[in-house]
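Asker: Sharing a structure below in structure tokens format, with a few things to ask.
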Amino acid sequence: MQNTPLNFKNGKFRIMQIADTQEIPFVSPDTIKLIRAALDSQKPDLVVFTGDQIKGYSSFFMGKKGKENVISTLKALIKPLEDRNIPFTMTFGNHDGEAALNNSEQFEIYKQSPMFVYSDAASENDKGTFCLNVGGKFLVYMFDTHSKAEDGGYSGLNPEQLEWYRNTRDSYETPLPSLAFQHIPTPEFFEVIKPVKRFTKGAVRAYGDHKNEFYTLDPYNSGLADFMGESPATPYTNSGEIDAFLEKGEMLGVYVGHDHNNSFVANYKGIDLGYSQGAGFNVYGPGLKRGVRIFDIEENGTYETKTVTFGELCGNEVKNKPKFAVYSYVPTSVSQVVTAVKEAAIVAGAVAGVAAIIKSVRKKKKK
-15 MQNTPLNFKN GKFRIMQIAD TQEIPFVSPD TIKLIRAALD SQKPDLVVFT
35 GDQIKGYSSF FMGKKGKENV ISTLKALIKP LEDRNIPFTM TFGNHDGEAA
85 LNNSEQFEIY KQSPMFVYSD AASENDKGTF CLNVGGKFLV YMFDTHSKAE
135 DGGYSGLNPE QLEWYRNTRD SYETPLPSLA FQHIPTPEFF EVIKPVKRFT
185 KGAVRAYGDH KNEFYTLDPY NSGLADFMGE SPATPYTNSG EIDAFLEKGE
235 MLGVYVGHDH NNSFVANYKG IDLGYSQGAG FNVYGPGLKR GVRIFDIEEN
285 GTYETKTVTF GELCGNEVKN KPKFAVYSYV PTSVSQVVTA VKEAAIVAGA
335 VAGVAAIIKS VRKKKKK
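If you're matching positions, the sequence shown starts at -15 in my numbering and goes up one per residue.
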């Protein structure tokens, strides 16, 4: 059962997606500035947080004060919504549950807010998976994509979640048009971008099961404002999630976060696969293009989406310029660091080798 009704207003319903704030107890004033500016300018009917609200692995969230810090950070993030009486919902990312409070405990913190909208969870151990009904005409699915998988990749939806989805979908005489929000992208995100050669302009290196492959956005399957600054970090094993969504054609799109430097929408067999860029300033992100994604849903079951960025809403003045500079260019993963170090070592070795040869040649000439 859904705790709060959601309804269309004059045939429209607006959703704002906030991805990857990844905040700490000393919440960045720029993260809050972005959220406030986006709420005031876009006036959403519902805000969805798609995971990694907190930097769960931070030492701030461990030990004796860890639980207190989780609570204070989450409350700081949702306060702008409470101040404006804007309903919100959420699911979890791979980092939220690494804190002193697990996901179920964090869910109880969200429930303390009068603006939190939720419904019956998929299971007792999966509070971040549920479905919201908008005016009896549209469904918003929230999926918890968990964390790491045993094969070294990220987790996707498990069989129990897919069974719950099918049961929920089929509980309606005619499947209702829907959108899905989750943290981790599916393997199909690699199907909508373009494999290219290494030194192609804008190419990004992939890792994991796509190691040493390079990709750019497909200009025929993305928008002019879209960008991809890092490779999709997807599960190695395909759970069959997108195939399930294709069964009856009611799922319009799947929107994720996780990879902070990506913001694009591309179509896969009739389903939109989309990213919202990161919104947090206490973690790596795409500079002034940190932002949120907006969804304008029509009562007839169609929708349009766009993003609004910090630069557009707030200008180019940030509170902590040194930290902003670091987090705008820091490597996005351990794999990226390791690869960069290896390549630097190879280059350094090659340079040293050439220098040694030149030195040897010069010595011979002197003789």
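Beta carbons: idealized from backbone N, C-alpha and C, even for Gly.
Just mark VAL322 as buried or exposed, buried being the case when its beta carbon has 16 or more other beta carbons within 10 Å.
Answerer: Confidence in VAL322 is poor, its pLDDT being 47 and thus under 50, which makes the residue's placement unreliable; the coordinate value appears in the next sentence. That one is exposed.
Asker: Measuring only the C-alpha atoms, how far is ALA83 from PRO143?
Answerer: Using only the alpha carbons, I get a separation of about 26 Å.
Asker: Could you tell me the alpha carbon to alpha carbon distance between VAL118 and PHE10, rounded to whole angstroms?
Answerer: Approximately 35 Å between the Cα atoms of the pair.
Asker: Assuming ASP202 is part of the beta strand (DSSP E), what are its boundary residues?
Answerer: That residue, ASP202, is in no beta strand (DSSP E); it is neither H nor E in DSSP.
Asker: Could you check if LYS48 is buried or exposed, using at least 16 other CB atoms within 10 Å of its CB as the buried criterion?
Answerer: Exposed is the call here.
Asker: Could you pull out every unbroken beta strand (DSSP E) segment of at least 3 residues lying fully inside the stretch 278 to 315, listed in chain order?
Answerer: The stretch 278 to 315 contains these whole beta strand (DSSP E) runs: 287 to 293.
Asker: In chain order, which continuous runs of the alpha helix (DSSP H) of length 4 or greater are located wholly inside the stretch 130 to 215?
Answerer: With a minimum length of 4 residues, the continuous alpha helix (DSSP H) runs that stay inside the stretch 130 to 215 are 143 to 154.
Asker: Among LEU146, PRO161, GLY299, PHE248, which has the Cα closest to the Cα of ILE177?
Answerer: With distances taken between Cα atoms, ILE177 lies closest to PHE248.
Asker: Since SER97 contacts PHE122 with CB under 8 Å, what's their CB separation in whole angstroms?
Answerer: About 23 Å separates the two Cβ atoms, so there is no contact after all.
Asker: Under three-state DSSP, which class holds GLU66?
Answerer: Three-state result, GLU66: helix.
Asker: Would you call the CB atoms of ASN78 and TYR125 closer than 8 Å?
Answerer: Not in contact: ASN78 and TYR125 (Cβ atoms no closer than 8 Å).
Asker: To the nearest angstrom, report how far apart PHE279 and THR158 are at their CA atoms.
Answerer: Approximately 23 Å, taken between the alpha carbons.
Asker: Check this for me: beta carbons of PHE165 and THR293, under 8 Å apart or not?
Answerer: Contact: no.
Asker: If you draw a straight line from the alpha carbon of ALA324 to that of LYS195, how long is it in whole angstroms?
Answerer: Per-residue confidence for ALA324 stands at a pLDDT of 47, beneath the threshold of 50, marking its modelled position as unreliable; the derived number appears in the next sentence. Cα to Cα, ALA324 sits roughly 14 Å from LYS195.
Asker: What is the DSSP secondary structure of SER107, counted as helix, strand or coil?
Answerer: The answer is strand: DSSP assigns SER107 an E or B state.
Asker: Return the chain-ordered list of same chain residues with a C-beta closer than 8 Å to the C-beta of GLU327, the five sequence neighbours on each side being excluded.
Answerer: With a pLDDT of only 45 at GLU327, under the threshold of 50, the placement of this residue in the model should not be trusted, and no figure is reported.
Asker: Can you tell me whether LYS(-4) is helix, strand or coil according to DSSP?
Answerer: Here LYS(-4) sits in strand by DSSP.
Asker: Which term fits LYS39, buried or exposed, when burial requires 16 or more other beta carbons within 10 angstroms of its beta carbon?
Answerer: With 16 or more other Cβ atoms within 10 Å, it is buried.
Asker: Could you tell me the alpha carbon to alpha carbon distance between PRO71 and MET99, rounded to whole angstroms?
Answerer: C-alpha separation (whole angstroms): 5 Å.
Asker: Spatial neighbours of ARG(-2) within its chain, please: CB distance less than 6 Å, with the 5 preceding and 5 following residues excluded, ordered by chain position.
Answerer: Excluding positions up to five away in sequence, the list reads PRO28, ASP29, ASP280.
Asker: If contact is defined by three or more beta carbon pairs under 8 Å, each pair taking one atom from either stretch, is the stretch 168 to 182 in contact with the stretch 191 to 208?
Answerer: The stretch 191 to 208 is in contact with the stretch 168 to 182.
Asker: Under 7 Å Cβ to Cβ from VAL240, same chain only, skipping five residues before and after it: list those, please.
Answerer: THR34, GLN166, HIS167, ILE168, PRO169, TYR259.
Asker: How long is the line joining the alpha carbons of THR218 and ALA263, rounded to whole angstroms?
Answerer: Approximately 20 Å, taken between the alpha carbons.
Asker: Would THR15 and PHE229 qualify as a contact pair, given that the criterion is a beta-carbon distance under 8 Å?
Answerer: Contact flag unset, no.
Asker: Report yes if the C-beta distance between CYS298 and LYS63 is below 8 Å; otherwise report no.
Answerer: Cβ atoms of CYS298 and LYS63: not closer than 8 Å.
Asker: In the DSSP assignment, the alpha helix (DSSP H) including TYR94 goes from what residue to what residue?
Answerer: Taken as a continuous stretch (DSSP letters only), the alpha helix (DSSP H) holding TYR94 covers 87 to 95.
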